[in-house]
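S.K.: Using our numbering, the first residue of the sequence shown is number 3, and each one after it goes up by one.
Glycine included, each C-beta is placed from N, C-alpha and C at the ideal position.
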Amino acid sequence: MIEILNPAEVAKARVTGALVADILQSLKQRAVVGTNLLDIDGWAKEMIHDAGATSCYVDYEPSFGRGPFGHYICTAVNDAVLHGLPHDYTLADGDLLSLDLAVLKGGIAADSAISFVVGDSQPAESLALISATERALAAGIAAAKPGARIGDLSYAIGSVLAEAGYPINTEFGGHGIGSTMHQDPHVPNTGRPGRGYELRPGLLLALEPWVMADTATLAMDPDGWTLRSATGALSAHSEHTIAITEDGAEILTLPSR
Numbered sequence: 003m004i005e006i007l008n009p010a011e012v013a014k015a016r017v018t019g020a021l022v023a024d025i026l027q028s029l030k031q032r033a034v035v036g037t038n039l040l041d042i043d044g045w046a047k048e049m050i051h052d053a054g055a056t057s058c059y060v061d062y063e064p065s066f067g068r069g070p071f072g073h074y075i076c077t078a079v080n081d082a083v084l085h086g087l088p089h090d091y092t093l094a095d096g097d098l099l100s101l102d103l104a105v106l107k108g109g110i111a112a113d114s115a116i117s118f119v120v121g122d123s124q125p126a127e128s129l130a131l132i133s134a135t136e137r138a139l140a141a142g143i144a145a146a147k148p149g150a151r152i153g154d155l156s157y158a159i160g161s162v163l164a165e166a167g168y169p170i171n172t173e174f175g176g177h178g179i180g181s182t183m184h185q186d187p188h189v190p191n192t193g194r195p196g197r198g199y200e201l202r203p204g205l206l207l208a209l210e211p212w213v214m215a216d217t218a219t220l221a222m223d224p225d226g227w228t229l230r231s232a233t234g235a236l237s238a239h240s241e242h243t244i245a246i247t248e249d250g251a252e253i254l255t256l257p258s259r
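#1: Write down every uninterrupted run of the beta strand (DSSP E) in the region 169-215 whose length is 3 residues or greater and which is fully enclosed by it, in chain order.
#2: From what residue to what residue does the beta strand (DSSP E) around isoleucine 116 run?
#3: Within 10 angstroms of the Cβ of alanine 13, are there 16 or more other Cβ atoms? Answer buried if so, exposed if not.
#4: When the cut-off is 8 angstroms and only beta carbons count, does threonine 182 lie next to chain D?
#5: Excluding sequence positions up to five away, which residues of its chain have a Cβ less than 7 angstroms from the Cβ of aspartate 186?
#6: In this structure, how does DSSP classify leucine 93 when only helix, strand and coil are distinguished?
#7: In chain order, what residues of the same chain have a beta carbon less than 8 angstroms from the beta carbon of asparagine 38, not counting five sequence neighbours either side?
#8: Does leucine 26 come out as helix, strand or coil in the three-state DSSP assignment?
#9: For the region 12-27 and the region 97-111, state whether three or more C-beta atom pairs, one from each stretch, are separated by less than 8 angstroms.
#10: From proline 70 to alanine 82, what does the alpha carbon distance come to, in whole angstroms?
#11: In this structure, how does DSSP classify aspartate 229 when only helix, strand and coil are distinguished?
#12: If you compare alpha carbons, which of Leu21, Ala208 and Asp61 is closest to aspartate 52?
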């Protein structure tokens with residue numbers, strides 16, 4: 003299903019998007035050396051409920067996971083990159099942490115992810131990975147406008163990641179979003195320009211470049227959810243929800259303050 007939202011629904015998406023961004027920024031500030039991943043999950047739960055919103059993850063049960071997910075946020079550390087199931091782990095100095103959050107409020111969902119290094123140690127390899135995903139995300143957003151094709155966005159994202167020297171996995175990527183978290187169209191993190199669905203105003207997309215340092219192959223944890231690099235290499239993940247407008251793309255998952 004591909005949804006095209008009306009202006010009132012896009013306005014609701016702005017509210018949800020700002021909430022997601024605000025929660026992520028709060029969690030980033032609180033995620034210090036010694037913080038437990040389960041505490042991060044608990045803080046996310048509290049902020050979602052206090053805002054009168056609903057988690058998109060707690061009851062999430064797709065075919066590729068051992069569902070339901072049962073938690074409020076994805077927490078991926080170091081070689082973990084996607085669907086990181088919060089567990090009893092205490093963050094250490096230099097850990098590369100990715101937080102992925104999707105929330106439903108007012109009937110419209112928004113989805114965003116950030117990666118950052120915990121503590122005083124800031125390894126160059128980690129910072130390079132994070133920078134590549136952020137630059138790829140910016141390139142994908144810049145390519146998003148009415149009349150563009152999904153392949154144009156995928157090509158823009160993939161060009162940045164490939165130029166940075168990272169292998170690209172296309173099993174998981176961006177997606178449509180609206181009244182539910184995951185919708186068509188799928189937005190691979192690399193592709194050919196001029197191909198795929200044509201963008202139009204009112205379409206919401208969650209774009210999410212992610213990479214692993216030396217492989218494109220994923221391995222599943224015994225928890226049935228957490229996806230890691232098959233080689234144990236570091237990984238990073240950046241994501242924004244955007245709305246296609248008459249003039250281009252509006253980033254919805256920006257902090258309100």
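M.R.: The short version:
#1: 176-178, 185-189, 206-209 and 212-214
#2: 110-119
#3: exposed
#4: Included in the structure is just one protein chain, with no chain D present.
#5: Met3, Ile4 and Gly178
#6: coil
#7: Asp90, Tyr91, Thr92 and Leu93
#8: helix
#9: yes
#10: 19 angstroms
#11: Note that residue 229 is leucine in the sequence shown here, rather than aspartate. Leucine 229: strand per DSSP, three-state reduction.
#12: Leu21
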